[in-house]
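Everything in the sequence shown is counted per our numbering, starting at 24 for the first residue and increasing by one.
Just so you know, even glycine gets a beta-carbon here, dropped at the ideal spot from N, CA and C.
It should be emphasised that the depicted structure is a prediction, and the values quoted were computed from it without experimental measurement.
Quick notes on the structure that follows.
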Amino acid sequence: MMNENAGLGSMSDNASPYAAARIIRSLDECYFYHTMDVPGHGTVPGEWDLRGRIDDYLGNFDFAGRRVLDVGAASGILSFHIEQKGADVVSFDLSEDYDWDIVPFAENDHDKTRVERRRHLRRINNGYWLCHQAFQSRAKMVNGVVYDIPQSIGPVDVAVYGSILLHLRDPFLALQNGARLAREAVIVSDLSPYGKLASRFRKTPRFMPRSLAPEGINDGWFRLPPLLVQEYLGILGFKNSTLTWNTFQYGDRTRPIYTIIARR
């Protein structure tokens, strides 16, 4: 008989969920998903550049005095920005003890990919902790899988999902895990499979992997249009939502990102 609470933090709620801080001093030990201006280290390049536009990316939400869960924190750019806006922040992300949601192409060497990804995750975590020290942050980190966010984190006012859903095999379950802790709002920023105009009418997600291209995307699953994400959030009790669009730099291109703020 299936446990109806499976995948909803049922296995990890007795002990403190918070990770011990790491002392990381060298950028050589790190990988940065976002370009960041890090005190004592200067500008560190990453894949995305949100600098000067993070408030837009987060829908210009007022975080002051709120407790916030940053799901998929990566290098911590959103966590530390939200903290600077006056919030108490809990960052959540994978660590090297957990596996990435890799597309299981039959042609690929999954054991090799698993080892490589866990090594990569350690470098991502190192980047977070280097920045944590550089920004003199008080944010807490919880490591785990997004399908099993521990309830021992306790209630938060807001759960933030910054461009993480496209990397997940089960984005609805990931939203459900964070939303059940959120008393006030859930914020989702992500890439749509359609342009801004078509996204007003279309709910169909786009499945990203291609069976004839196993050498291609192996860490992306679905592009979710905003109407579908708003439907997901409505099902989870967050029925009042707003939608905004902005463009951000990804490598040498600009990409449109939508931001949903959904409230109970």
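Under the rule that 16 or more other beta-carbon atoms within 10 Å means buried, what is residue i, buried or exposed?
| i | result |
| --- | --- |
| Asn-200 | buried |
| Gln-253 | buried |
| Asn-241 | buried |
| Phe-115 | buried |
| Glu-27 | Residue placement at Glu-27 is flagged as unreliable, the pLDDT there being 37, under the threshold of 50; the coordinate-derived value follows with that caveat. By the 10 Å Cβ count, Glu-27 comes out exposed. |
| Ala-285 | buried |
| Asp-124 | buried |
| Ala-197 | buried |
| Leu-81 | buried |
| Gly-260 | exposed |
| Met-25 | Caution applies to Met-25, whose pLDDT of 31 falls short of 50 and renders its modelled position unreliable; the value that the coordinates give is listed next. Label assigned to Met-25: exposed. |
| Gly-63 | exposed |
| Val-138 | exposed |
| Phe-224 | exposed |
| Ser-39 | exposed |
| Leu-144 | buried |
| Gly-185 | buried |
Where does residue i sit, in a helix, a strand or coil, going by DSSP?
| i | result |
| --- | --- |
| Phe-245 | strand |
| Pro-279 | strand |
| Gly-69 | coil |
| Leu-266 | strand |
| Ile-46 | coil |
| Tyr-273 | strand |
| Ile-240 | coil |
| Tyr-41 | strand |
Between the Cα of residue i and the Cα atoms of the options, which residue gives the shortest distance?
| i | options | result |
| --- | --- | --- |
| Ile-105 | Asp-120, Pro-279, Gly-88, Ile-240 | Gly-88 |
| Gly-69 | Cys-53, Ala-205, Gly-63 | Cys-53 |
| Leu-204 | Ile-100, Pro-173, Asp-124, Arg-137 | Pro-173 |
| Arg-141 | Arg-45, Phe-195, Asp-120, Arg-225 | Asp-120 |
| Trp-290 | Ala-208, Asn-83, Thr-136, Trp-71 | The first residue shown for the chain is 24 and the last is 287, placing residue 290 beyond what the model contains. |
| Asp-171 | Ala-202, His-155, Arg-145 | Ala-202 |
| Phe-128 | Phe-158, Gly-75, Leu-235 | Leu-235 |
| Asp-79 | Ala-285, Arg-287, Leu-266, Arg-276 | Leu-266 |
| His-155 | Val-126, Gln-272, Arg-192, Ala-97 | Ala-97 |
| Arg-48 | Tyr-151, Val-211, Ile-258 | Tyr-151 |
| Asn-263 | Pro-279, Arg-146, Arg-45, Ile-210 | Ile-210 |
| Glu-238 | Asp-132, Tyr-184, Ile-46 | Asp-132 |
| Ala-44 | Ile-187, Gln-159, Phe-224 | Gln-159 |
| Arg-18 | Tyr-281, Arg-287, Thr-270, Ile-283 | Outside the modelled stretch of the chain, which goes from 24 to 287, sits residue 18, for which no answer is possible. |
| Val-94 | Pro-194, Pro-279, Lys-219, Ile-280 | Pro-194 |
| Gly-177 | Ile-77, Ser-102, Val-112 | Val-112 |
| Leu-220 | Ile-187, Val-168, Pro-279, Tyr-255 | Pro-279 |
| Ser-175 | Leu-92, Phe-55, Tyr-281, Tyr-255 | Leu-92 |
Ordered along the chain, which non-local residues of its own chain (more than five positions away) have a Cβ less than 6 Å from that of residue i?
| i | result |
| --- | --- |
| Ser-222 | Ser-215, Pro-248, Pro-249 |
| Asn-148 | Ser-118 |
| Asp-180 | Arg-89, Arg-90, Arg-206, Glu-207 |
| Ser-35 | Note that Ser-35 scores a pLDDT of 46, beneath 50, so its modelled location is shaky; the value from the coordinates is reported in the next line. Pro-173. |
| Val-126 | Pro-232, Asn-241 |
| Ile-100 | His-57, Met-59 |
| Leu-153 | Ile-47, Cys-53 |
Cutting at 7 Å between CB atoms, please list the residues of its own chain near residue i, excluding the five before and the five after it.
| i | result |
| --- | --- |
| Arg-246 | Leu-189, Leu-214, Ser-215, Pro-216, Pro-228, Arg-229, Met-231 |
| His-276 | What sits at residue 276 in the sequence shown is Arg, not His. The answer is none, since no qualifying residue turns up. |
| Tyr-314 | For residue 314 there is no data in the structure shown, the boundaries of the chain being 24 and 287. |
| Gln-107 | none |
| Tyr-273 | Glu-70, Trp-71 |
Quick one: what's got a C-beta closer than 8 Å to residue i's C-beta in the same chain, skipping five residues either side?
| i | result |
| --- | --- |
| Phe-86 | Ile-105, Lys-108, Gly-109, Ala-110, Val-181 |
| Thr-66 | Thr-58, Met-59, Asp-60 |
| Gly-257 | Ser-264, Ala-285 |
| Leu-251 | Lys-226, Thr-227, Pro-228 |
| Arg-192 | Asp-124, Trp-244 |
| Ala-157 | Val-61, Pro-62, Gly-63, His-64 |
In the region 117-189, which residue ranges form an unbroken alpha helix (DSSP H) of at least 4 residues, counting only runs that do not cross its ends? 133-157
Which residue spans inside the region 194-222 form an unbroken beta strand (DSSP E) run of at least 3? 205-213
Where are the beta strand (DSSP E) runs, 3 residues long or more, that stay fully inside the region 75-103, in chain order? 90-94
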